[in-house]
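Here the structure is laid out as structure tokens; the discussion comes afterwards.
Okay, here's the thing in structure tokens:
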């Protein structure tokens, strides 16, 4: 009976283990990933398979050489840093206000962050545009 079980187990094809992307070198936190930072691993490396999904993203933490690249370790590149002095604008109809503020959070394009107006000391929420400018949400 054991021989029959062994024969059946060996005759059933196993699915091929998909490879995944791994770090080709140590990638410190804040590194924007380029194509030469990636290698393809054979076998059961868990992580992203398509390089197009990670190239241009920034590492949240240090990823050591040979470790799988996972989307949870990545984010959009930071355009605005915490405590950075920024120019923010507000527009509603014909009213257009532009003032300076201090970013209370960091973020990338499309993120909502808190910004303190340097004149009034009020805190507002602003969205980061792809060019790094901020547009007050309300």
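In mature numbering (1 follows the signal peptide of the UniProt record, and there is no 0), the protein residues as written are -18 to -1, 1 to 120.
The beta carbon of each residue, even a glycine, is placed where N, CA and C say it ideally should be.
Taking C-beta separations shorter than 6 Å and ignoring five residues to either side along the sequence, the partners of residue 52 in its chain run 29, following chain order.
Of the candidates 102, 3, 50 and 75, the residue whose Cα lies closest to the Cα of residue 81 is 102. The Cβ atoms of residue 108 and residue 118 lie closer than 7 Å to each other.
Boundaries for residue 11: no beta strand (DSSP E) harbours it, and the DSSP string shows neither H nor E there.
Under the DSSP definition of a beta bridge, residue 40 partners with 14 and 57. Rounded to whole angstroms, the gap between the alpha carbons of residue 72 and residue 22 is 46 Å.
Excluding residues up to 5 positions away in sequence, 88 lie with their Cβ nearer than 6 Å to the Cβ of residue 63 in the same chain.
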